[in-house]
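Engineer:
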Amino acid sequence: MQVPVWSPRLVNLFNRSCLITNSLRAFSSSAYSNQSRGGLPRFYSDKLPPSKDGVVRVKGDEFWHMTRVLRLSVDDRVELFDGKGGLVEGCIQSVDQTGLDIVALENPKSISPHSTQWHVYAAFGTLKGGRADWLVEKCTELGACSVTPLLTERSPSISENRVDRLQRVSFAAAKQCQRLHEMVLNPPTKINALLPLVKNSKLAFIAAAEAKPLFSALSSIKKESAGLMIIGPEGDFTEKELNMILEAGTTAVGLGPHRLRVETATVALLSALMLWGDDQDMLKV
701 MQVPVWSPRL VNLFNRSCLI TNSLRAFSSS AYSNQSRGGL PRFYSDKLPP SKDGVVRVKG
761 DEFWHMTRVL RLSVDDRVEL FDGKGGLVEG CIQSVDQTGL DIVALENPKS ISPHSTQWHV
821 YAAFGTLKGG RADWLVEKCT ELGACSVTPL LTERSPSISE NRVDRLQRVS FAAAKQCQRL
881 HEMVLNPPTK INALLPLVKN SKLAFIAAAE AKPLFSALSS IKKESAGLMI IGPEGDFTEK
941 ELNMILEAGT TAVGLGPHRL RVETATVALL SALMLWGDDQ DMLKV
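Heads up: take any position in the sequence shown, counting from 1, add 700, and you land on this note's numbering.
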C-alpha cells in the first residue's frame, strides 16, 4: 500500500472543503452545520414518532445510557435518529423500570445523504490488535456508505464474532460523530463476487503500488452519486487477483512512495475521495 503525499493540490482541496458549512458530506448526512442543535444529546431509535406530539418508547442500551449514564429524567430534551436520515427533537414524557417515553416536539425531518456514497472493500481479516476496529471506526466517521471485508488469498477469512464486534464499533462511532445515516457493515465477500459490482460501477478505484497518482487520475473523472474503493490485504493482492480486479474496470491509483498498512491506506484513500467530492460540489456552486 502507498501513502498520500500532501501536495499543494491536496492542501488546496482540504482548505476549500473546510469552507463548506451548509453542505456537509455523508459522515454527517445533515443539512445542519451544528448537528447537535444546542448540544442536545442524541440517541438511536429504530422508530421515530410519526409527527409532532407523537410518542415513541425507548428501551435497552439507549434507555440505560439516558438514565444511568447521563441521568436524564422527565422533561429533559433529547434528539432521536433512526440511522436512515430521520431526526426529531423530543422531550422525555415518562420513565419506568423498563424504558422511557419520548414525545416529539416537532415533525421528524428526513435528511438525504450528501456527496458521493463510497462503498469500501478492504481485506482486513488478518489485522490484529484493534486495527480492524480502528479501520471501521474511521470509515464510519469519514462517511463511508458501507464497508465490506474482502476475502483474498492472503486474507482468507474473518470470524463471525469479529464481524459482530465491528458492527458495535460502527454503531458507537456513528453516534459519536452524529451521522444520521448508518454505515452498513456487509458480510465478507470474495473477489469473484466483487467483480460484477466493479463492472457496474461508474467509479471504482483500487490502491496499487506504482500506479498513477490519485489526484492525477481524479483530474479527468466526474463525480457520481456512488462509487467503490478497494484495498488489498497485508502482503497485497496476488498478481492474479490484481489483474482480475483491473480487468473488471477499476482505476488503479497510487497513494505515494511509501508502503502502508491496510487500515492506513483505507483511511487515506477514503479521506482523499471525500475531499475530492466536496471540491466537485464547490465547483457547481
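Virtual Cβ for every residue (Gly too), placed ideally from N, Cα, C. Since we're looking at a predicted model, the values are computed, not measured.
With H, G and I counted as helix, E and B as strand and the rest as coil, what does DSSP make of residue 911?
Structural biologist: Here residue 911 corresponds to residue number 211 of the sequence shown, with the count starting at 1. It is coil, neither helix nor strand.
Engineer: Can you give, in chain order, each stretch of the alpha helix (DSSP H) that sits fully within the stretch 831-890 and has at least 4 residues?
Structural biologist: Entirely contained in the stretch 831-890, the alpha helix (DSSP H) runs reaching 4 residues are, in chain order, 831-842 and 860-877.
Engineer: Within 8 Å of any Cβ in chain C, is that where the Cβ of residue 955 sits?
Structural biologist: The question asks about chain C, but that chain is absent: this structure has only one protein chain.
Engineer: Using CA coordinates, which residue listed in 894, 861 and 814 is at the minimum distance from residue 950?
Structural biologist: Here residue 950 is taken as the residue at index 250 of the sequence shown, counted from 1. Minimum Cα distance to residue 950 is reached at 894.
Engineer: Would the beta-carbon of residue 975 fall within 8 Å of that of residue 929?
Structural biologist: Within the sequence shown, residue 975 is the residue found at index 275, counting from 1. Within the sequence shown, residue 929 is the residue found at index 229, counting from 1. No, Cβ-Cβ distance for residue 975 and residue 929 is not below 8 Å.
Engineer: For residue 772 and residue 784, what's the separation of their Cα atoms in angstroms?
Structural biologist: For the purposes of this step, residue 772 is identified with residue 72 of the sequence shown, where counting begins at 1. For the purposes of this step, residue 784 is identified with residue 84 of the sequence shown, where counting begins at 1. Straight-line Cα distance between these residues: approximately 25 Å.
Engineer: From residue 721 to residue 867, what distance separates their C-alpha atoms?
Structural biologist: Against the sequence shown, residue 721 aligns to sequence position 21. Against the sequence shown, residue 867 aligns to sequence position 167. With a pLDDT of only 34 at residue 721, under 50, the local geometry of the prediction cannot be trusted, and the value read off the model is given with reservation. Distance between the alpha carbons of residue 721 and residue 867: 30 Å.
Engineer: Hey, how far is the Cα of residue 847 from the Cα of residue 839?
Structural biologist: Translated into positions along the sequence shown, residue 847 becomes position 147. Translated into positions along the sequence shown, residue 839 becomes position 139. Each residue's Cα considered, the two are about 8 Å apart.
Engineer: Decide if the stretch 787-803 is in contact with the stretch 813-833; the criterion is three or more beta carbon pairs, one per stretch, under 8 Å apart.
Structural biologist: No, the stretch 787-803 does not touch the stretch 813-833.
Engineer: On the CB-based measure, 16 or more other CB atoms within 10 Å of its CB, does residue 882 come out buried or exposed?
Structural biologist: Along the sequence shown, read from residue 1 onward, the residue named residue 882 stands at position 182. The residue in question, residue 882, is buried, as its Cβ has 16 or more Cβ neighbours within 10 Å.
Engineer: Over what stretch of residues does the beta strand (DSSP E) that includes residue 944 continue unbroken?
Structural biologist: Within the sequence shown, numbered from 1, the residue matching residue 944 stands at position 244. Per DSSP, residue 944 belongs to no beta strand (DSSP E); it is in the alpha helix (DSSP H), 939-947.
Engineer: Can you tell me where the alpha helix (DSSP H) holding residue 762 begins and where it ends?
Structural biologist: Residue mapping note: residue 762 aligns to position 62 of the sequence shown, counting from 1. Its alpha helix (DSSP H) spans residues 760-764.
Engineer: Rounding to the nearest angstrom, what Cα-Cα distance links residue 825 and residue 787 in this structure?
Structural biologist: Taking the first residue of the sequence shown as position 1, residue 825 is located at position 125. Taking the first residue of the sequence shown as position 1, residue 787 is located at position 87. About 34 Å.
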